[in-house]
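One structure is given here, and the rest of the page talks about it.
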């Protein structure tokens with residue numbers, strides 16, 4: 001199972017949106033504190049809609065706590081500062097994909113220790129960053145694609161009509 005990690009997220013609606021994406025993708029969500037909101041906030045629940053109850057989510061006190069509870073985890077770090085594009089790595093079916101807080105990203109102290117596992121989403125040069133929820137979805141679905149969308153529904157069905 002793929003894992004999405006949010007390092008000190010600040011905006012509840014982004015985390016709710018990412019939680020909903022994790023449910024749809026069959027991924028686990030890991031939240032590294034301190035969080036910029038309470039997990040009971042309305043904005044979080046509204047963005048996650050009725051899917052939040054189905055989310056596999058774990059909360060950690062801090063980054064050290066996360067590392068201690070996930071020894072040997074293969075962690076890719078999504079950052080605008082990376083040299084590699086997110087499509088240039090092979091995502092293992094049980095890897096962790098980390099994103100930083102909205103205002104600052106992943107701390108550089110963590111990035112410099114993980115240079116080989118840092119990935120970026122290409123953007124036009126004058127754009128600082130994408131929305132956190134969009135970034136998580138882009139990289140998560142690339143990892144799912146590389147793993148053949150294992151266990152996922154690949155065909156849609158119309159509600160009232162049929163495909164001809």
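In the UniProt record's numbering, the protein residues as written are 1 to 164. For glycine and all other residues, C-beta sits at the position ideal for the given N, C-alpha and C.
Identify which residue in the options has its Cα closest to the Cα of residue i.
{"i": "residue 133", "options": "144, 107 and 102", "result": "102"}
{"i": "residue 142", "options": "95, 54, 40 and 32", "result": "95"}
{"i": "residue 29", "options": "87, 60, 10 and 43", "result": "60"}
{"i": "residue 33", "options": "27, 65, 123 and 91", "result": "65"}
{"i": "residue 36", "options": "62, 25 and 116", "result": "62"}
{"i": "residue 58", "options": "46, 51, 49 and 39", "result": "39"}
{"i": "residue 109", "options": "97, 86, 85 and 81", "result": "81"}
{"i": "residue 9", "options": "137, 138, 104 and 159", "result": "104"}
{"i": "residue 21", "options": "147, 73, 135 and 155", "result": "135"}
{"i": "residue 140", "options": "120, 159, 155 and 124", "result": "120"}
{"i": "residue 84", "options": "149, 114 and 154", "result": "114"}
{"i": "residue 67", "options": "56, 52 and 98", "result": "98"}
{"i": "residue 116", "options": "86, 137 and 124", "result": "86"}
{"i": "residue 24", "options": "4, 11, 42 and 111", "result": "4"}
Can you give me the start and stop residues for the alpha helix (DSSP H) that residue i sits inside?
{"i": "residue 161", "result": "Element bounds for residue 161: n/a, residue is neither H nor E."}
{"i": "residue 165", "result": "One cannot answer for residue 165 here, as it falls past the ends of the chain, which runs 1 to 164."}
{"i": "residue 12", "result": "12 to 25"}
Tell me where the beta strand (DSSP E) around residue i begins and ends.
{"i": "residue 28", "result": "28 to 32"}
{"i": "residue 60", "result": "57 to 60"}
{"i": "residue 139", "result": "No beta strand (DSSP E) holds residue 139; the alpha helix (DSSP H) holding it covers 132 to 146."}
{"i": "residue 120", "result": "118 to 120"}
So if DSSP puts residue i in a beta bridge, which residue, or which two residues, is it bridged to?
{"i": "residue 98", "result": "5 and 77"}
{"i": "residue 112", "result": "Looking at the DSSP assignment, residue 112 forms no beta bridge with any residue, so it has no partner."}
{"i": "residue 84", "result": "119"}
{"i": "residue 105", "result": "101"}
If I'm right that residue i touches residue j with Cβ under 8 angstroms, what's the distance once you round it to whole angstroms?
{"i": "residue 19", "j": "residue 55", "result": "5 angstroms"}
{"i": "residue 79", "j": "residue 111", "result": "6 angstroms"}
{"i": "residue 118", "j": "residue 77", "result": "5 angstroms"}
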